[in-house]
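All remarks here apply to the structure that follows.
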Amino acid sequence: MSTFNTHGTALITGASSGIGATYADRLAKRGFDLLLVARDQARLETLATELRANHGVKVEVLKADLTNAQDVSAVEQRLRDDASITLLLNNAGVASNTALAEADLGEVDRLIQLNIVALTHLASAGAAGFLARGRGAIVNIASVVPMIPERFNAVYAASKAYVLSLTQSLNAEIGEKGVQVQAVMPGATRTEIWDRAGMDLNALPPEMVMDVNEMVDAALAGFDQKELVTIPSLSNAADWDAFINARLALGPNLSLQHAAARYKTSGA
Numbered sequence: 094m095s096t097f098n099t100h101g102t103a104l105i106t107g108a109s110s111g112i113g114a115t116y117a118d119r120l121a122k123r124g125f126d127l128l129l130v131a132r133d134q135a136r137l138e139t140l141a142t143e144l145r146a147n148h149g150v151k152v153e154v155l156k157a158d159l160t161n162a163q164d165v166s167a168v169e170q171r172l173r174d175d176a177s178i179t180l181l182l183n184n185a186g187v188a189s190n191t192a193l194a195e196a197d198l199g200e201v202d203r204l205i206q207l208n209i210v211a212l213t214h215l216a217s218a219g220a221a222g223f224l225a226r227g228r229g230a231i232v233n234i235a236s237v238v239p240m241i242p243e244r245f246n247a248v249y250a251a252s253k254a255y256v257l258s259l260t261q262s263l264n265a266e267i268g269e270k271g272v273q274v275q276a277v278m279p280g281a282t283r284t285e286i287w288d289r290a291g292m293d294l295n296a297l298p299p300e301m302v303m304d305v306n307e308m309v310d311a312a313l314a315g316f317d318q319k320e321l322v323t324i325p326s327l328s329n330a331a332d333w334d335a336f337i338n339a340r341l342a343l344g345p346n347l348s349l350q351h352a353a354a355r356y357k358t359s360g361a
């Protein structure tokens, strides 16, 4: 068990399985102590025992349901007050496979609470704590679905578009103040989230589905390279740069005194 750690502690939400558990293993291997957050206490304890044995780091378990406002507040407070925390991994999330017109709005609210509200609260608390301490990093797990939202469930796609936008804006606010920010945008990744959403991952072509270990390793490589946005399967980084440049090129014409000529019809 380590007694002093120059890396600090990584707080990981949704840490009991999938992407979160894989990040926990990789960050422990790098020498981070861990604060694992999820609803399933038993799975967290099992994972914590394995990580302590395999990597000799400190691992604390914090049971929390991030769809519950009181639980979110408790994790927020820890982020603000615990000076040992140097990395926040906002990973907890849920998917949906139901069209909005047919959706159970209670489930929609739960998705929004977890994917958007809790993530935002924790990012805010993390940013405040890290700015006060002069160092830290916030990693938000988004998705590639905002790039092609027409092909996916409306609420899930919109929630991940929010995560991407929040990360980009947050980086503009704190990225030059000693806090590293990253959005990770995985494609289809082999985790339990598919089964929980009632979707059959095996229905996708195998060449579209990435192993979770490879996905996390790629995301961490992007983190090491100080990427703001990491798309693990994107082979040519210039393609993303071109996308961003095309978006920024719209800037001068997005807010002007007069409407574009094509909207000035004879009946206007």
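The sequence shown stops at residue 361 when you use this note's numbering, and every number in between is there.
Don't be surprised by glycine CBs; every beta carbon is placed ideally from N, CA and C.
The structure displayed is predicted, hence computed values, not measured ones.
With C-beta atoms as the reference, is residue i less than 8 Å away from residue j?
i: I105; j: G111; result: no
i: L181; j: L215; result: yes
i: A362; j: A211; result: Coverage of the chain is limited to positions 94 through 361, which leaves residue 362 absent and any answer about it impossible.
i: A220; j: V168; result: no
i: L198; j: Q261; result: no
i: M278; j: T213; result: no
i: R226; j: A176; result: yes
Assuming residue i is part of the alpha helix (DSSP H), what are its boundary residues?
i: A374; result: The requested residue 374 is not part of the displayed model; the chain covers only 94 to 361.
i: I267; result: A247 to I267
i: L144; result: Q134 to H148
Under a Cβ-count criterion, where at least 16 other Cβ atoms within 10 Å of its own Cβ denotes burial, should residue i be classed as buried or exposed?
i: S359; result: exposed
i: H148; result: buried
i: L341; result: exposed
i: D317; result: exposed
i: N329; result: exposed
i: I337; result: exposed
i: S236; result: buried
i: T142; result: exposed
Looking only at its own chain, which residues have a Cβ that is under 6 Å from the Cβ of residue i, when we skip the five neighbours before and after it?
i: D133; result: S109
i: E153; result: L128
i: T160; result: R203, Q206 and L207
i: D164; result: A157 and D158
On the DSSP letters alone, give me the boundaries of the beta strand (DSSP E) that residue i sits inside.
i: I65; result: Because the chain is modelled from 94 through 361, residue 65 falls outside the range shown and cannot be assessed.
i: K357; result: Taken as a continuous stretch (DSSP letters only), K357 belongs to no beta strand (DSSP E), as it is neither H nor E.
Once the 5 residues before and after residue i are set aside, which same chain residues still bring their CB inside 8 Å of it?
i: P242; result: A250, A251 and A254
i: K81; result: As displayed, the chain neither begins before 94 nor continues past 361, which places residue 81 out of reach and without an answer.
Exercise for the section: Within the region 270 to 351, note down every full alpha helix (DSSP H) run reaching 4 residues or more, in order along the chain. Expected result: With a minimum length of 4 residues, the unbroken runs of alpha helix (DSSP H) contained wholly in the region 270 to 351 fall at 286 to 289, 305 to 317 and 330 to 342.
Handout entry: Whole runs of the alpha helix (DSSP H) within the region 170 to 240, excluding any shorter than 4 residues
Key = Runs of the alpha helix (DSSP H) inside the region 170 to 240: 198 to 205 and 212 to 226.
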